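Remarks on the structure that follows.
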Amino acid sequence: MKPTPISTSSEWSFDLIEKYDREIMKIACGEYHLDIYPVQLEIITAEQMMDAYSSVGMPVNYHHWSFGKQFVATEKSYKRGQMGLAYEIVINSNPCIAYLMEENSMMMQALVTAHAAYGHNSFFKGNYLFRTWTDAEAIIDYLVFAKNYLADCERMYGIDAVEDLLDSCHALMNYGVDRYKRPQKLSLAKEKIRQSEREHYLQLQVNDLWRTIPRRNTDMEINAPIRFPAEPQENILYFIEKSAPLLEPWQREVIRIVRKIAQYFYPQRQTQVMNEGWATFWHHTILNRLYEKQLVTDGFMMEFLQSHTNVVLQPPVHSHWYSGINPYALGFAMYQDICRICREPTDEDRAWFPELVGKDWRESIEFAMRNFKDESFISQYLSPKVIRDFRLFAVRDDDKDDKLLIPAIHDETGYAEIRRTLSEQYNLGSREPNIQVWSVNLRGDRSLTLRHFMHQRRPLGKTTEEVLKHVCRLWGFDVRLESVDQQGQVIQTSECKAPEHNSLF
Amino acid sequence: MAHLIDRRLNGKNKSAVNRERFLRRFKAQIKQSVAKAIKGRAITDIQAGEKISIPSKDISEPVFQHGSGGIKEIIHPGNQDFIRGDRIARPQGGGGGGGGGKASNQGEGEDDFVFELSREEFMKVFFEDLALPNLVKTQLLGTQEMKSVRAGFINDGTPTNINIVRSLRGALSRRIALSAPILSELTQAEEELDELLELAEEDSFRVRDLREKIRHLRSRLYTIPFIDPFDLRYNNRVKRPFPTSQAVMFCIMDVSGSMDENKKDIAKRFFILLYLFLEKQYEKIELVFIRHHTSATEVSEHDFFHSRESGGTVVSSALTLCSEVIQKRYPTEDWNIYVAQASDGDNWDSDSSQCSSILLEKILPCVQYYAYIEITQGEPQNLWHEYQKIAEQIKHFAMQKIRTAADIYPVFRELFKKQPHTVT
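Structure below.
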């Protein structure tokens, strides 16, 4: 008997969404063994989508003007028709929450379900960065805690004080993550108990550190300069939270909240290509499979292919629409290419990827998804074929040279270099300036010195002074920033003086 | 199996607080924009939203970034004809080829951040300067009187609202629709009977049968009700906010050389505020603009605020013109008349007493309210003293010396005390 399509019209209904979901689940989990968190699909309106948009995609979050700004901007361009809303937002939580917008057609709902609720979902559950850095079980609870805590602070200390503090924290958000250390898991219950303990205990400790009664130094130690911190610290917010002398306990807690949220988003920033590519690969595979099983109509498929083509469109560099490499396109192409190499390898692939040839494709992409981030994924899997298909080329911009140089293009001699350069491009460590806490003048003016380790002679941007003001506000005393070249020479210093009075905010 | 939840009915305005925070933070810039907008707008269309634009450098959230310089190596897709080792000229403006995707974040000439302020938000900012008491704010923002207006017909309602024509028309069409098949059957039967009667006996089986049928059909026709609850249509009325009647507002302003832009701006706010008060009370408001130096003319709103003249000041010229216009065009039985006068207090010395007599005899008896503001930093002059005498006798005459916009409101205080009954 010929199977009948699940639906023929483009209107969706709850019933149909459930039917599609059931079939998608059969394919995703039954045939392809995707390992996922339970799925929660939520139907929302365009306005709610804008709300979600402007609070970094989270269903709850604390209040801040910057989210309002985001909302105002989104609303404006949406109402003028300058942009459509994203089709989907998915939250790395357990259960995994995926939003479906009410305006979408039935095909889009199915596409979003496959893409977000199965693609992204399995990525969140499988990828090592998400496994170590985020706790899907607790994030929503933690955000509720954060929201309530900040609301309490606003009541007690005034909206302005909290807003100023958050502004400063947001400025340093990217420097509020542990890049190498393994973080502790977030848990609401633990968090609450520990929070009050921490307040008292830490304050004691800090006071001790800054004890104002002079100690009698009878022994030698007066001559040995104490280095604090003993080693440079990459997590500036953490350092400030623990060591800034003048902060109130609640201020330390707010810094901690911003830090924790930054940490939660850190893996997403490191896995754009992999994550979007993975989700795109699976919506493509799953919907094609639905078609093979004759569960969807030709019309459905045409509509799908049009959307899909738009998603994976990579405009070339000379195009008016070009705005960098499209992570959907690159990621999708790379996963597809891994499958191709497993199934139909060429001689070139045998030379480049001996470990993939003849292996099971499903296991190979699962391995790639689980154990890499963008940077390493590209340096491991970007194949000459993908380089050729994208016609990738490198441009070297040296300010000491009056012309731009093309060091490599998509040819035999260039593959390795293209791959290395592109991988470097996705290295968060080199995308953002490397700035660390260098030292604190303990005996003198208590000033804080940050060090910027320059890479490829790249200087800091114009916003530096502004950010330093924020650091200064948090630290409470003078802050200095030294740019150090690769030989260890300080070549540039900027400074921000703390206001005379010693009370913060 | 996924869990499907319909969230559409959940709260929509989750971002309302964040939006309000945003407005709060950029209050200064927004206020400036609003002030500018008030200057540019006609008094009558003060109540609309406004586009606010804030320089993007004020609104950005700074983070540590790489600046331009040093060595950057970037991969781009879509190579057309470069080969390894090519050297190409740096594109201008940092965009495109070598500049990288971040060029737009670093450029100087960024657009301002532009967004729309809603009507409520706009009015809120407008009122802020004027130091209005809260009660007044709600009165101005809200609407006071409801009037019911016709809004078509509905299927149910109270008997007093039955619309007879509509109901009977409905009944008629229903009767036609229901009786048509019976009637045609009846006609057919009667014709058949006539034919039969010519051929057959009166009491033949067939004839009796037909007569029975005709009787039955007739009785069915009779059972169709003349009117049925189904036919009833009621007049529908909905409540609409409705101001009560019509008013005319005279704006009188001194445009002699000493009235500079700043003073005119304060005067304009004064006129706007009076207009807003009146707008809530009256269905229709006409504005009359009279400007004067040594002589007075009636002008358009644009000329009123934007052209500048010099010379001496004779206030009575404007008052005379005002009273003429009232007599000619605005009979007191049809119009509620309000006069708002703004000046910097200068007047030709011997003219002030004339002013007071025109006011007392001709103008004040016909007007609901007369408000005078003197925008000046200096000592009051003779006009002020004359007016003060009037204010002592006449209740609906208000005057105030103004230095900032916040001083405007007290002028209207009386106006509100006098009409508490119109306020719900």
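Chains A and B, in that order, give the protein sequences. The numbering used here numbers the first residue of the first sequence as 1055 and each following residue consecutively. The numbering used here numbers the first residue of the second sequence as 10 and each following residue consecutively. A virtual CB, placed ideally from N, CA and C, is assigned to each residue, including glycine. Being a predicted model, the structure only gives us computed values, none of them experimental.
Three-way DSSP call (helix, strand, coil) for residue i in this model
i: Q1510/A; result: coil
i: D1195/A; result: helix
i: G6/B; result: Lying outside 10 to 433, the shown extent of chain B, residue 6/B is not represented and no answer is given.
i: V1491/A; result: strand
i: Q1543/A; result: coil
i: L13/B; result: strand
i: D1451/A; result: strand
i: F124/B; result: strand
i: L59/B; result: Position check: residue 59/B holds Glu in this sequence, whereas Leu was assumed. It is a strand residue.
i: F1282/A; result: coil
i: N245/B; result: strand
i: C1550/A; result: strand
i: I1145/A; result: strand
i: T1467/A; result: coil
i: F235/B; result: coil
i: R412/B; result: coil
i: F1531/A; result: coil
i: T1186/A; result: helix
i: E82/B; result: strand
i: L1220/A; result: helix
i: S24/B; result: coil
i: I1565/A; result: Not covered by the structure: residue 1565/A. The range shown for chain A is 1055 to 1559.
i: Q350/B; result: strand
i: I417/B; result: coil
i: H75/B; result: strand
i: F35/B; result: coil
i: A51/B; result: coil
Beta-carbon gap between residue i and residue j smaller than 7 Å
i: L126/B; j: I61/B; result: yes
i: V1327/A; j: G1385/A; result: yes
i: N345/B; j: A256/B; result: yes
i: S1061/A; j: M1160/A; result: yes
i: L1528/A; j: I1294/A; result: yes
i: V1114/A; j: V1216/A; result: no
i: H1337/A; j: H1169/A; result: yes
i: N245/B; j: I163/B; result: yes
i: L330/B; j: I299/B; result: yes
i: G87/B; j: P1370/A; result: yes
i: K40/B; j: V134/B; result: yes
i: R184/B; j: I233/B; result: yes
i: Y284/B; j: I52/B; result: yes
i: R93/B; j: I1463/A; result: yes
i: C1150/A; j: N1181/A; result: no
i: L1220/A; j: H1118/A; result: yes
i: P1286/A; j: W1492/A; result: yes
i: S157/B; j: K248/B; result: yes
i: V323/B; j: D360/B; result: yes
i: F1407/A; j: I1395/A; result: yes
i: A351/B; j: M408/B; result: no
Counterpart residues of residue i in DSSP-defined beta bridges
i: F1444/A; result: F1444/A is not bridged to any residue.
i: C1150/A; result: V1093/A
i: A407/B; result: A380/B
i: T1518/A; result: DSSP lists no partner for T1518/A.
i: Q1287/A; result: V1491/A
i: N345/B; result: A256/B
i: D263/B; result: H301/B
i: T385/B; result: Paired residue(s): none; T385/B is not in a bridge.
i: M1155/A; result: I1098/A
i: K1457/A; result: A98/B
Using Cβ-Cβ distances below 8 Å, what residues of the segment 1084 to 1105 of chain A are close to chain B? Cβ contacts with chain B: P1092, V1093, Q1094, L1095, E1096, I1097, I1098, T1099, E1101, Q1102, M1104, D1105.
Residues of the segment 1502 to 1536 of chain A with a CB closer than 7 Å to any CB of chain B: list them in chain order, please. Q1510, R1511, R1512, P1513, L1514, G1515, K1516, T1517, T1518, E1520, V1521
Quick one: complete alpha helix (DSSP H) runs, 4+ long, within the segment 1372 to 1432 of chain A? 1381 to 1397, 1401 to 1406, 1415 to 1425
Just list the alpha helix (DSSP H) runs in the segment 1290 to 1361 of chain A, keeping only unbroken ones of 4 residues or longer that don't cross its boundaries, in chain order. Runs of the alpha helix (DSSP H) spanning 4 or more residues and lying entirely within the segment 1290 to 1361 of chain A occur at 1290 to 1297, 1303 to 1324, 1326 to 1346, in chain order.
Tell me which residues of the segment 1172 to 1205 of chain A have at least one Cβ-Cβ distance to chain B shorter than 8 Å, keeping chain order. Of all residues in the segment 1172 to 1205 of chain A, none has a Cβ within less than 8 Å of some Cβ in chain B.
Between the segment 1459 to 1471 of chain A and chain B, which residues of the former have CB atoms less than 8 Å from a CB of the latter, in chain order? When CB distances to chain B are screened at a threshold of 8 Å, the residues of the segment 1459 to 1471 of chain A falling below it are L1459, I1460, P1461, A1462, I1463, H1464, D1465, T1467, G1468, in chain order.
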